[in-house]
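One structure is given below, encoded as structure tokens.
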Amino acid sequence: MRFNHTHTWLALIIFITFWLPLAGQNIFPSSLQFNQGKADSVVVQTRPIPYADISPRSNETFNLVTESLKQRLTEAEMYDFTVQIDTLFKQINASLNDSVLNSMQNLPARVMDNYMNTAQIYIVRLTAVQNRLSLRSRRLGSITEELNQSGKRWGLTLEQAEEEDYPDVLSDRIKMTIDTIDYARASVQQDIEFFIIQSDRISREINRLESVRSSVHEYMRLYGQNLFKKDIPGLFRSFSDLKDKTLFQERLQSFFQTIKSDVQIFHAQFRKPLVFITFVFILLLGFLIWYKKNYLRLISARKSRLSDIHLMLIHSPLLIALFITTLLIRLLYYDLPDTFNALNSIIFIIPVMILTRRFYAELTRPWLKWLMVLFLIIALYEFVFYTDIIQRIILLILSAGAFGLFLAMVLNRAAAGGFRNKSFYNLLLAIMGAFTMMLFTAIIGNIAGTYRMAELFTLAPVKIVITALAILISSKIADALIFLLLANKGVQKAHVFRDNFKVIHKKTTRYVNIFLWVIFIVTMLNLLMIKEPVFTWGERVLKEGWKLGAVDISLGRVLIFVFVIWFSIFISRIVKAILEKDVFTRVTTSRGVPGTIVMLVRIALITGGFF
739 MRFNHTHTWL ALIIFITFWL PLAGQNIFPS SLQFNQGKAD SVVVQTRPIP YADISPRSNE
799 TFNLVTESLK QRLTEAEMYD FTVQIDTLFK QINASLNDSV LNSMQNLPAR VMDNYMNTAQ
859 IYIVRLTAVQ NRLSLRSRRL GSITEELNQS GKRWGLTLEQ AEEEDYPDVL SDRIKMTIDT
919 IDYARASVQQ DIEFFIIQSD RISREINRLE SVRSSVHEYM RLYGQNLFKK DIPGLFRSFS
979 DLKDKTLFQE RLQSFFQTIK SDVQIFHAQF RKPLVFITFV FILLLGFLIW YKKNYLRLIS
1039 ARKSRLSDIH LMLIHSPLLI ALFITTLLIR LLYYDLPDTF NALNSIIFII PVMILTRRFY
1099 AELTRPWLKW LMVLFLIIAL YEFVFYTDII QRIILLILSA GAFGLFLAMV LNRAAAGGFR
1159 NKSFYNLLLA IMGAFTMMLF TAIIGNIAGT YRMAELFTLA PVKIVITALA ILISSKIADA
1219 LIFLLLANKG VQKAHVFRDN FKVIHKKTTR YVNIFLWVIF IVTMLNLLMI KEPVFTWGER
1279 VLKEGWKLGA VDISLGRVLI FVFVIWFSIF ISRIVKAILE KDVFTRVTTS RGVPGTIVML
1339 VRIALITGGF F
């Protein structure tokens, strides 16, 4: 029988079929594993080296010492570790110094939330460095153990040499070997001590950061409990503070001092991320400009009729690049100093507003510019940390402006023509009505002195609406990018993409939209300051279960099981489509072989989900 390409494909697919469900499943019998562990636990008695083996074993020991010394830290590595740890400590002290923590109760909740996130980020970074130190320390520890065993054996050999009166040459060789082992062991021990000292420093700093997180968490809990309690005098009683001639000067100095401090933190912590983001922006902008000039020859003739939205995005490379990079900054570097976070927000709002106007021109024209003005006022407001009459006046202007805008949108049923589903639109209108009531309550609270509630009820609605617009724009951009990618001539050469273009585009866009709206929900919960209690409740619901005999069943495990099975079926369908559309159409096989292989692959993939 001739062995052709058909048999090659068949053997490869069968191998993958049976390898997938068995990989990593511990298929060996437990008795074999037990016996192996039992054999590994046997203790070998240390004996002196036989007379005839002293010379070759001495050479082996010298090689062991040489390899051990190669594992030591070089001066450059030790310097890099020290500088990295010291730099992290300086950054932590700049971001979370004692003066900031001592004035915690004078800071708004949004600032305290940033401090909690910053502490968590530094805990992760310090833990990563500590893990690297532990890995090197464990490696040197195993070397030390090996040197100890070798030294012990050579010590017994020396005792035997003295008892049996070995020649002086061999005795000197044994002593020199022992001295070499002691030197290597002492050298390695110095590195281990360095790792222990640095690891202890990191542990103390992590404990301090955990204490900061606990303090902030407790403050946030009290903040939520006292949200509707009066915390400062009424607004009209505070107008007398405006007579203080030094107030504006102090606030101006505080403003510039904040900028100066943020610049120092930015240079210390975010210089490399800035270079990376700048590189991404230039690369993305260059690609989008190139695609704008060449998209006609890249898109398949069957898909060359693009919609107005696709053409609009193709011809807006600068806006798309700005939107994507600023969105990445907001998602990846949310612990930016306030000055640069506000600057990024201002840049971010520009493409959001322009693209929103282009996508929904008739629906958003009356109110979009006012929403942008409110967002810029928020960026200005967040520069002022300490509660005083100036900040309260800015907040009152912001609350009144947002209340008027949202009330007009609700009364005029803004954007009603853009929704086919009236029930969904009525739900959005009800949410906008709730936001309007929150803003009205914020105005009353600011005047009465319930400042915590006024700040939360003012900032959250405006930011949530801006975030919703950003999610809508992201959805449009993702839809267009997926369409243009699938419409590419190279992609269209694959039958599976060409024949299932609409289905793949629709489902991929749906999954991306689900991901985007999950981000929106998490962001909304965070803005409303209820993310942590909601997540804690959800974690408790997922982990709590019930016993069914010897089996513990929880909602989380059930959901994971269902997801894995669904994902296995999903992957099996993709593999089936690729095999049927693009593999077996290019390979000559016997009748019935393709169907058999497809069935085996699907069975293997779905069965693998159960393991």
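Just so we're aligned, residue 739 is where the sequence shown starts under this note's numbering, counting upward by one. Heads up, the beta-carbon is just placed ideally off N, CA and C, and yes, glycines get one too. Remember, predicted model here, so these are calculated numbers, not experimental data.
Check, Outcome
"Closer than 8 angstroms to a non-hydrogen atom of the ligand NAD - does that hold for the CB of I787?", "Of ligands this structure carries none, so the ligand NAD is not represented either."
"Any idea what DSSP makes of W1105, helix, strand or coil?", "coil"
"Return yes when the Cβ of F1141 is within less than 9 angstroms of the Cβ of T1188, no when it is not.", "no"
"Since N1226 sits in a beta bridge, which residues does DSSP pair it with?", "I1037"
"Once you ignore the five residues that flank K1281 on each side, which residues in its own chain have a CB closer than 7 angstroms to its CB?", "S1292 and G1294"
"Whole angstroms is fine: what's the gap from L1207's alpha carbon to V1090's?", "7 angstroms"
"When DSSP labels each residue in this structure, what does Q1129 get in the three-state scheme?", "helix"
"Ignore the nearest five residues each way along the sequence and tell me which others in G762's own chain have a CB closer than 8 angstroms to its CB.", "Here G762 scores only 45 on pLDDT, less than 50, and its place in the model is too uncertain to base an answer on."
"Which residues in the same chain have their Cβ closer than 7 angstroms to the Cβ of M1050, if we skip the five residues on either side of it in sequence?", "R1096"
"Buried or exposed: D917, going by 16 or more other Cβ atoms within 10 Å of its Cβ?", "exposed"
"If you follow the alpha helix (DSSP H) that G972 is in, where does it begin and where does it stop?", "Where G972 is concerned, there is no enclosing alpha helix (DSSP H), given that its DSSP letter is neither H nor E."
"Among L1222, I1316 and R1311, which residue has its Cα nearest to the Cα of L1034?", "L1222"
"Express the C-alpha separation of Q1007 and L965 in angstroms, rounding to a whole number.", "34 angstroms"
"Judging by CA-CA distance, which residue of I861, N1150 and N1082 is the nearest neighbour of S949?", "I861"
"When the distance is taken between beta carbons, is I1220 closer than 9 angstroms to L1254?", "no"
"Mind the definition here: the region 1048-1062 touches the region 1009-1025 only if three or more C-beta pairs lie below 8 angstroms; say whether that holds.", "yes"
"Which residues in the same chain as E897 place their Cβ atom closer than 8 angstroms to its Cβ, once the five residues preceding and following it in sequence are excluded?", "P786"
"In the DSSP assignment, find the unbroken alpha helix (DSSP H) run with D903 in it and report its ends.", "Segment: none, D903 is in no alpha helix (DSSP H) and carries neither H nor E."
"Identify whether G893 lies in helix, strand or coil by the three-state DSSP scheme.", "helix"
"Quick one: is E1120 buried, meaning 16 or more other Cβ sit within 10 Å of its Cβ, or exposed?", "buried"
"Going straight from the alpha carbon of T1246 to that of T1063, what length do you get?", "22 angstroms"
"If you check the beta carbons only, do S796 and I881 fall under 9 angstroms apart?", "no"
"Just curious, the alpha helix (DSSP H) that P786 is in, first and last residue?", "No alpha helix (DSSP H) contains P786, which DSSP labels as neither H nor E."
"Provide the residue span of the alpha helix (DSSP H) that contains E798, from first to last.", "I792 to K808"
"Kindly indicate the opening and closing residues of the alpha helix (DSSP H) around S1161.", "K1160 to A1186"
"What residues in its chain sit with their C-beta under 7 angstroms from that of S768, if we drop five residues either side in the sequence?", "Because S768 sits at a pLDDT of 44, beneath the cut-off of 50, its placement in the model cannot be relied upon, and the point is left open."
"Between the alpha carbons of R874 and A832, how many angstroms are there, rounded?", "29 angstroms"
"In this structure, does DSSP put I935 in helix, strand or coil?", "helix"
"Could you check whether S1213 and V1250 sit closer than 9 angstroms to each other, using their CB atoms as the reference points?", "yes"
"Of the residues I1182, G893 and R1009, which one's Cα is nearest the Cα of R1130?", "I1182"
"Any idea if N764 is buried or exposed, counting beta-carbon neighbours within 10 angstroms, 16 or more meaning buried?", "Confidence in N764 is poor, its pLDDT being 45 and thus under 50, which makes the residue's placement unreliable; the coordinate value appears in the next sentence. By the 10 Å Cβ count, N764 comes out exposed."
"Please identify the residue among P1011, A1198, N1079 and K1010 whose C-alpha is closest to the C-alpha of A1172.", "A1198"
"If Q936 sits next to I823, beta carbons under 8 angstroms apart, how far is it from one beta carbon to the other, in whole angstroms?", "6 angstroms"
"Starting from N1082 and walking both ways along the alpha helix (DSSP H), at which residues does that stretch end?", "D1076 to F1097"
"Roughly how many whole angstroms lie between the Cα atoms of Q927 and L871?", "14 angstroms"
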